[in-house]
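Sequential numbering of the sequence shown, starting at 374, is according to our numbering. Here's the structure we're looking at; comments come further down.
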Amino acid sequence: MLRFKSFDTATSIILRLAVMHMIKKEQINLRDQSVQNQKAFIHQLLGFQHKVQSPLGGRGR
374 MLRFKSFDTA
384 TSIILRLAVM
394 HMIKKEQINL
404 RDQSVQNQKA
414 FIHQLLGFQH
424 KVQSPLGGRG
434 R
């Protein structure tokens, strides 16, 4: 059985799962936005750092 080490960790994970479930059920409308805006919105909502990608696709050349 999965156990959480702290209450903060548990609430963070459960809230993120709830947000993803709402997006899946289309309770949050993201269809009118570009893919980049959708990604930025989800990262902001879930508290992820928005990373700038290399135009070379991460190959580093």
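Ideal placement from N, C-alpha and C gives every residue a C-beta, glycine not left out.
>> I need the straight-line Cα distance from residue 403 to residue 388, nearest angstrom please.
In response: Separation of residue 403 and residue 388 (C-alpha to C-alpha, rounded to the nearest whole angstrom) is 19 Å.
> Rounded to the nearest angstrom, how far is the Cβ of residue 392 from that of residue 419, given a contact under 8 Å?
Replying inline: 6 Å
> What are the boundary residues of the alpha helix (DSSP H) that includes residue 389?
Replying inline: 380-397
> Alpha carbon to alpha carbon, how far is residue 378 from residue 406?
Replying inline: 37 Å
> Under the three-state reduction of DSSP, which class applies to residue 421: helix, strand or coil?
Replying inline: coil
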